[in-house]
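Comments concern the structure below.
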Amino acid sequence: MSAPWQHALTTQPRIAGFLDRLAGNPPRSLLLEGGTVEERLALARFWAARLMCRETSPPCGQCRICQQVAEDASRDLFLLNGAEGAINIDTVREVRAVLGDPPAGRGPRVIILAEAQALGDGAANALLKSLEEPMPGNVFVLLAPSREILLPTLVSRSFVLTLGWPRGDRENSELREWLQALAEFIQSGRGPWLEWTGRKGNVDARLADGVLREVQRCLVQAGYGNPETALARLLASRLDVVAVRQVGVVVENALESLEVGANPAVVLEWAAIRMWNLLH
Ligand SMILES: [Zn+2]
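Those letters in the sequence shown? Residues 173 to 452, per the working numbering, in order.
As structure tokens, then:
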């Protein structure tokens, strides 16, 4: 049986390396942001097993402790999963009640708050108290698409690691560069964007279509509070629900213009300027 974190170790090797080095002196609260929901949870389990497993190169993935972490059967592992509904204050209180007891095993007790944006205000404040009290033997892990959607006081008490953003099917390195330039432009009005769209013959319809459809994808992520790319994070942090819809209309109009044969460079330039307007 391969451990449930095995796949995430291959897609997020940099984070796996960080966690391994952090294990010698684990922060009381670790926040994993970025990546996908599955990757975040898998790496949280990896972290728990890394801290609890007693084999020579932990986590071995084979021993009883690793198996229990993998199957949520460990008495020292608490998983509060916001992906399965709001995390309420009673649940957090139940966990708080056991924090004063020593862990069952020799490793620390690990409390995972998956999709921690699902914490209600009361629950978040109760959790905050736990983070502030010195309670050795307890380690917290918060998981969220991005730190911006969590209570700032939770973030400031956590050691933050940012997972790499997942690659979409259409995404290639050229498209990524264009989206980076777009994000920079709509944020600051600067960067290579206008130079690239202005360069003669630099933008064809396929590229413009790719950029616009990726913006659509980011808008959906931003609208659902689950931004997984840098652009989606920017949109989520700067636009309210109404503005997200307005950008959606801009992108739809731009795609229609492309379809009827408008100049792709002009279409991209126009769409970016409209987005810039909506962000400022
Ligand atoms: Zn093990």
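Here a beta-carbon is modelled for each residue, glycine too, at the ideal position from N, C-alpha and C.
Because the structure is a prediction, the values reported are computed rather than measured.
Alpha carbon of residue i to alpha carbon of residue j, nearest angstrom
{"i": "residue 229", "j": "residue 312", "result": "22 angstroms"}
{"i": "residue 314", "j": "residue 419", "result": "31 angstroms"}
{"i": "residue 341", "j": "residue 202", "result": "With a pLDDT of 44 at residue 341, under the threshold of 50, the modelled position of this residue cannot be trusted; read the value that follows with caution. About 30 angstroms."}
{"i": "residue 217", "j": "residue 281", "result": "12 angstroms"}
{"i": "residue 222", "j": "residue 234", "result": "12 angstroms"}
{"i": "residue 291", "j": "residue 199", "result": "21 angstroms"}
{"i": "residue 176", "j": "residue 422", "result": "41 angstroms"}
{"i": "residue 393", "j": "residue 224", "result": "35 angstroms"}
{"i": "residue 309", "j": "residue 302", "result": "12 angstroms"}
{"i": "residue 348", "j": "residue 321", "result": "24 angstroms"}
{"i": "residue 361", "j": "residue 191", "result": "37 angstroms"}
{"i": "residue 434", "j": "residue 403", "result": "25 angstroms"}
{"i": "residue 196", "j": "residue 324", "result": "27 angstroms"}
{"i": "residue 429", "j": "residue 293", "result": "45 angstroms"}
{"i": "residue 437", "j": "residue 351", "result": "14 angstroms"}
{"i": "residue 188", "j": "residue 232", "result": "14 angstroms"}
{"i": "residue 379", "j": "residue 345", "result": "12 angstroms"}
{"i": "residue 153", "j": "residue 319", "result": "With the chain covering only 173 through 452, there is no way to say anything about residue 153."}
{"i": "residue 207", "j": "residue 387", "result": "18 angstroms"}
{"i": "residue 178", "j": "residue 363", "result": "39 angstroms"}
Residue(s) in a DSSP beta bridge with residue i
{"i": "residue 316", "result": "205"}
{"i": "residue 332", "result": "203"}
Limits of the unbroken alpha helix (DSSP H) element including residue i
{"i": "residue 237", "result": "236–242"}
{"i": "residue 300", "result": "293–304"}
{"i": "residue 385", "result": "377–395"}
First through last residue of the beta strand (DSSP E) which encompasses residue i
{"i": "residue 406", "result": "It is not in any beta strand (DSSP E) - residue 406 instead sits in the alpha helix (DSSP H) that spans 402–410."}
{"i": "residue 268", "result": "Counting along the chain, residue 268 falls outside any beta strand (DSSP E), though it belongs to the alpha helix (DSSP H) covering 261–270."}
{"i": "residue 281", "result": "281–286"}
{"i": "residue 323", "result": "That residue, residue 323, is in no beta strand (DSSP E); it is neither H nor E in DSSP."}
{"i": "residue 252", "result": "249–253"}
Closer than 7 angstroms: residue i CB and nearest ligand 2 heavy atom
{"i": "residue 237", "result": "Ligand 2 is absent from the structure shown, which contains only ligand 1."}
Residue from the options with nearest C-alpha to residue i
{"i": "residue 449", "options": "416, 270, 277 and 285", "result": "416"}
{"i": "residue 390", "options": "299, 408 and 268", "result": "408"}
{"i": "residue 411", "options": "380, 359, 193 and 364", "result": "359"}
{"i": "residue 334", "options": "175, 185 and 179", "result": "185"}
{"i": "residue 226", "options": "443, 239 and 207", "result": "239"}
{"i": "residue 278", "options": "265, 231 and 248", "result": "248"}
{"i": "residue 285", "options": "196, 205, 396 and 376", "result": "205"}
{"i": "residue 220", "options": "397, 380 and 245", "result": "245"}
{"i": "residue 357", "options": "371, 213, 451 and 373", "result": "451"}
{"i": "residue 295", "options": "432, 264 and 383", "result": "264"}
{"i": "residue 414", "options": "329, 395, 365 and 427", "result": "395"}
{"i": "residue 365", "options": "371, 375, 354 and 372", "result": "354"}
{"i": "residue 272", "options": "367, 374 and 305", "result": "305"}
Reduced DSSP secondary structure (H/G/I, E/B, other) of residue i
{"i": "residue 435", "result": "coil"}
{"i": "residue 311", "result": "strand"}
{"i": "residue 179", "result": "helix"}
{"i": "residue 342", "result": "Bear in mind that the predicted position of residue 342 carries a pLDDT of just 43, short of 50, making it unreliable; the figure below should be weighed with that in mind. Three-state DSSP puts residue 342 in coil, outside helix and strand."}
{"i": "residue 363", "result": "coil"}
{"i": "residue 369", "result": "helix"}
{"i": "residue 184", "result": "coil"}
{"i": "residue 227", "result": "coil"}
{"i": "residue 246", "result": "coil"}
{"i": "residue 278", "result": "coil"}
{"i": "residue 426", "result": "helix"}
{"i": "residue 290", "result": "helix"}
{"i": "residue 258", "result": "coil"}
C-beta neighbour in chain C for residue i, strict 8 angstroms
{"i": "residue 335", "result": "Of the protein chains in the structure, only one exists, and it is not chain C."}
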